[in-house]
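**Q** According to this note's numbering, the sequence shown is numbered sequentially starting from 223.
All C-beta atoms in this analysis are idealised placements derived from N, C-alpha and C, irrespective of residue type, glycine included.
Mind looking over this structure? Questions follow.
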Amino acid sequence: MRHCKSFNHLGRKSAHRKAMLSNMATSLILHKRIKTTVAKAKALRVYVEPLINRTKDNTTHSRRVVFSYLQNKDAVSELFRTIADKVADRPGGYTRILKIGTRIGDNAEMCYIELVDFNENLLKQVETKKTTTRRSRKATVKKETSTEEVKDSAEVVEPDTAAEKPATEE
């Protein structure tokens, strides 16, 4: 029994798992989007988001800590130069997992994992999307009946007042 299993071991020994996550994180940082299985993407999200959070303070210590995880100078420089600028005001949630179906060979759930601020297609859609209010059918029926009631009450009031006026005049 393994009580308090805290993370997915991905069927690998610890050295293999750390090397795989380091390589995947490097690829994600350099390419901004990678295609992988859902289990690996969830493990990668837990691995890479603290590293991205470290870029908010650009110190020698934080660069060395990130390099100890990634072991790639190009990825570290990319992370601290371009990615740090875009995520400076974001409080968390730097990655997005988009499920795309199953793999043909072994029916594994596949997905894209990407950095949130670097998907130009989704950013354009968000900017051009118009804000519309949702109106339910019940609300429109209530509005129509309420306006009809007001019109009916106004029509009823007018003939009554007209009938009362001649009665008072006579």
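#1: So for Y316, helix, strand or coil by DSSP?
#2: Per DSSP, what kind of secondary structure is K235 in: helix, strand or coil?
#3: Could you tell me if N294 is buried or exposed, where buried requires 16 or more neighbouring beta carbons within 10 angstroms of its beta carbon?
#4: In three-state terms, what does DSSP make of K240?
#5: Thinking A297 and T258 are a contact (beta carbons under 8 Å), I'd like their distance in whole angstroms, please.
#6: Based on DSSP bridge pairs, tell me the residues matched to C333.
#7: Answer with buried or exposed for V268, where buried requires no fewer than 16 other C-beta atoms within 10 angstroms of its C-beta.
#8: In terms of alpha-carbon separation, which member of F289, I319, N280 lies closest to A306?
#9: For the alpha helix (DSSP H) containing K295, list its first residue and its last residue.
#10: What residues in its chain sit with their C-beta under 6 Å from that of K308, if we drop five residues either side in the sequence?
#11: I need the straight-line Cα distance from F229 to A265, nearest angstrom please.
**A** This is what the structure gives:
#1: coil
#2: coil
#3: buried
#4: helix
#5: Contact doesn't hold; Cβ gap of about 17 Å is too wide.
#6: T258, K321
#7: exposed
#8: N280
#9: 295-300
#10: D339
#11: 8 Å
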